[in-house]
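Inspection log for the structure reproduced underneath, given as structure tokens.
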Amino acid sequence: MQKISILNLIFFCLIISKSIAQKPNEKYQYNIHSATSSLNIDGVADDPAWESAEVANNFFMITPMDTSFSRALTDVKMCYDKDNLYILVVNYKPVKGSIIVESLKRDFSFGKNDNFLLFMDTFDDKTNGFSFGANAAGAPWDGQQGDGGTVDLSWDNKWVSAVKNDDDKWVWEAAIPFKSIRYKPGITRWGINFSRQDLTISEKSAWAPVPRQFPSASLAYTGVLAWDVPPPNPGPNISIIPYAATRLTKDYQKDTPNKYKPAIGGDVKIGLTPSLNLDLTVNPDFSQVDVDVQQTNLDRFELFFPERRQFFLENADLFANFGYATIRPFFSRRIGLGVPIQFGARMSGKINKNWRIGVLDVQTGSSDSQTPRNNYAVFALQRQLLARSNVRFIFVNKDATNYSPEQHQATNRYNRNIGAEFNLASAKNLWTGKVMMLKSFTPGKSTDDFTHAADLKFNKANFFWQWQHEYVGKNFNAEVGYVPNAVRMGYYKISPNIGYLFFVKNPKIISHGPKLISNVFWDKKFDLSDREFILSYNLNFINRATVAVWGSSNYVRLLRPFDPTNLGVGTLATGSEHNWKAVGFDIVSGPQNRLTYTASGIFGGYYQNGHRNNLRAELGYRVQPYVAITMAGNYNDIRLPEPWKRTQLWLVGPRVDFTFTNNLFFTTFMQYNNQADNINLNARLQWRYKPASDLFIVYTDNYLPENFRVKNRAVVLKFTYWWNL
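For the sequence shown, position 699 matches number 699 in the UniProt record's numbering, and the numbering has no gaps at all.
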């Protein structure tokens, strides 16, 4: 036993030593200087200031192979003045006259567009930063980066951009105000990388080389942006973003009169320092946010829908990324669920190079006498360790501010969570992992109210493995979080995964190989409750297409009654045991063609010795760059004994995006869901009349599928304006 402990300690020390190694791309340095003259952002490289700027070129290929220089030539220049950071990019076309783009839509789908992206590690911590870019038709892209490079495209800010095309090249030029980004004052080096995708030759490349198993956004592999002097202090950084909206609604099922509701409110952004921001919101309105993509629900647990509301998004990783995808102490969509948000405040950002802080407080109203008004408060703190690792602390508090035991019997007076975690990320990103602990505080529950989880992952180009385990106590309660498996009333779980890729020299296939995924659950008595094994074989093509075939084996012992169709027909008994096997496939086409597609299938057993066939598909067609049409479908054919018999579930969702210009967009989205007995139609017109300032017209209908009668209808007109002081 002592020998094993010593070996474990040596192994862990080896991982730690890897994590404090020198920055991999330290030698790739771009020297930026002050602009020698004013610049006009028009996508034309004729301003005298660009003549003296240093050139970054000789990009390295990332995919399909990472062993050579890029075939798509790219030149990048940067400079700055007291207000803006400027970038000019000349993207030479490997095939004259050719570009591939989906639309002019802002924050476009990365994989379906020729594009150029800038990744900036403005804190030089290889963990947090910002991304800006454009596709070859001029659609802008901006996002905030966290957790080593994940880009949150819901983040939106004020900047200007222009693209010009000719037969030989497309040119992107942009001005990014220092007020629109966060950075550490006084430092003279940022992490930086430039990424280019050219679908005509199925190639992705970067200035500082990135191994093909990692995204080009990975901040572990940035080069260095070396400033001649520290970046200028942006000075007072205050943005006021008021809105005015009107909403007209009608409930046809209850035959109520039209309801007209005007509203005003807005947000204020205050830069406390160049790297620390205070956000305030009063009576926020999120009517313009994209509707959720519906899901057929055949799960025993709660489904997940992502946050899209702007107020919750800046530095969202501080609050929302604590824990794992199925163990989150904080999930912002719990706030304002069916009730109005009255006001909120959020301070987030960097205190210094090693410390980040996040403080959030939101007050909600109530919808009726049975629902109390609630205050939500979150405190998060992160300390950088080693090269790219960190330790995090979080405290989440939900308090009913007008709680009455007689009126609010269905809710708790309060719910609190406190936790800590260590996140491991080695310098070259080969080793990643996490260890976390959480404890909840709920009236009447004082034992077995904690959770622990950990994982360790090794990822090379051709080989990966991962170990993850979880324990959730029977009384653990995260009312402001997302822990769907907590309904098991306490469980143990392990998830070991392993995969391998064979890289081959073939004109069409780049790699292929097997992957094994497993998930095993035990209850509090260590009796098996769930077991899932999935063995797949994956093919990766040079043109970015992928094909996977798989087989699975499942076992479930129900811990509570469950309706396998979720239609209310009947339930399977607690304690009943179910075994089945299934096979399936997943196909994704290459993104180069105007007609793209994905297809998936599941064929095999189901609960109660039943049978389930599932087909999912999505077809996309683009009339570039103005129209993108998508048709998504999900069909389930479930055959069970009485009382369910045969159940057919359809979920169909056509979507059309019109992008008339880079500033005028129209989207219409219909979803037919016979499991929910609903047809939803949502149409939205957006006019960005000034940077970050918009006019929205949103139309929503819900219909009964059997006769297409309107259930309810809403029309919203909303005007926003971004005003920098």
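The beta-carbon is built from N, C-alpha and C at its ideal position, and this holds for glycine as well.
Computed from a prediction, not measured in an experiment: that's the story for all the values here.
Whether residue i touches residue j by CB criterion (9 Å)
i	j	result
phenylalanine 330	arginine 308	no
glutamate 479	serine 495	no
valine 504	histidine 512	yes
glycine 148	alanine 425	yes
tryptophan 580	asparagine 554	yes
leucine 685	phenylalanine 666	yes
glycine 191	aspartate 121	yes
glycine 344	threonine 720	no
aspartate 75	aspartate 198	no
Per DSSP, the bridge partner or partners of residue i
i	result
methionine 670	Leu681
valine 396	Val378, Asn417
arginine 196	Phe116, Ser205
alanine 162	Glu173
glutamine 701	According to the sequence as given, residue 701 is aspartate; it is not glutamine. Its beta-bridge partners are Leu681, Arg713.
alanine 548	Asn538, Asp586
aspartate 66	In DSSP, aspartate 66 forms no bridge with anything.
isoleucine 357	Gly349, Leu381
asparagine 519	Glu532
threonine 150	Gly146
phenylalanine 108	The partner list for phenylalanine 108 (beta bridge, DSSP) is empty, contrary to what the question assumes.
aspartate 455	Lys434, Gln468
serine 553	Phe533, Lys581
aspartate 563	Answer by DSSP bridge pairing: none, since aspartate 563 is not bridged.
arginine 328	Tyr482
Alpha-carbon to alpha-carbon, residue j and residue i
i	j	result
cysteine 13	tryptophan 431	Because the pLDDT at cysteine 13 is just 46, under 50, the model does not fix this residue reliably, and the value given afterwards should be weighed accordingly. Approximately 12 Å between the Cα atoms of the pair.
phenylalanine 379	threonine 596	44 Å
proline 185	proline 372	44 Å
aspartate 124	arginine 189	7 Å
lysine 350	glutamine 675	46 Å
leucine 664	threonine 364	34 Å
leucine 559	lysine 439	23 Å
proline 234	isoleucine 181	10 Å
aspartate 657	aspartate 290	12 Å
threonine 296	methionine 670	15 Å
methionine 1	glutamine 29	Because methionine 1 sits at a pLDDT of 37, beneath the cut-off of 50, its placement in the model cannot be relied upon, and the following sentence gives the value as read from the coordinates. Cα to Cα, methionine 1 sits roughly 49 Å from glutamine 29.
lysine 179	lysine 353	19 Å
valine 95	threonine 200	7 Å
threonine 67	phenylalanine 119	22 Å
alanine 453	valine 435	6 Å
serine 202	isoleucine 587	18 Å
tyrosine 607	alanine 617	24 Å
alanine 162	histidine 408	55 Å
glutamate 532	serine 404	45 Å
arginine 356	arginine 383	7 Å
alanine 714	aspartate 368	22 Å
valine 716	glutamine 592	37 Å
asparagine 193	glutamate 54	15 Å
alanine 49	alanine 35	6 Å
glycine 551	asparagine 566	25 Å
glycine 133	proline 140	6 Å
proline 561	leucine 456	35 Å
Cutoff 9 Å: residue i Cβ touching any chain C Cβ
i	result
leucine 298	This model lacks chain C altogether; it includes just one protein chain.
First through last residue of the alpha helix (DSSP H) which encompasses residue i
i	result
alanine 245	No alpha helix (DSSP H) holds alanine 245; the beta strand (DSSP E) holding it covers 237 to 251.
leucine 318	316 to 320
Delimiting residues of the beta strand (DSSP E) encompassing residue i
i	result
valine 90	84 to 92
methionine 437	431 to 441
methionine 78	74 to 80
threonine 411	Neither: threonine 411 is in no beta strand (DSSP E) and is coded neither H nor E.
phenylalanine 658	646 to 661
glycine 610	610 to 623
valine 268	259 to 273
methionine 631	627 to 639
glycine 490	Neither: glycine 490 is in no beta strand (DSSP E) and is coded neither H nor E.
Three CB pairs or more closer than 8 Å across the stretch 244 to 252 and the stretch 221 to 230 | no
Mind the definition here: the stretch 386 to 395 touches the stretch 287 to 305 only if three or more C-beta pairs lie below 8 Å; say whether that holds.
-> no
Touching by the beta-carbon criterion (3+ pairs, under 8 Å), the stretch 31 to 41 and the stretch 164 to 180 | yes
Flag this pair as touching only if the stretch 209 to 229 and the stretch 251 to 262 have three or more C-beta atom pairs under 8 Å; answer yes or no.
-> no
Do the stretch 524 to 541 and the stretch 482 to 497 make contact, defined as three or more Cβ pairs closer than 8 Å?
-> yes
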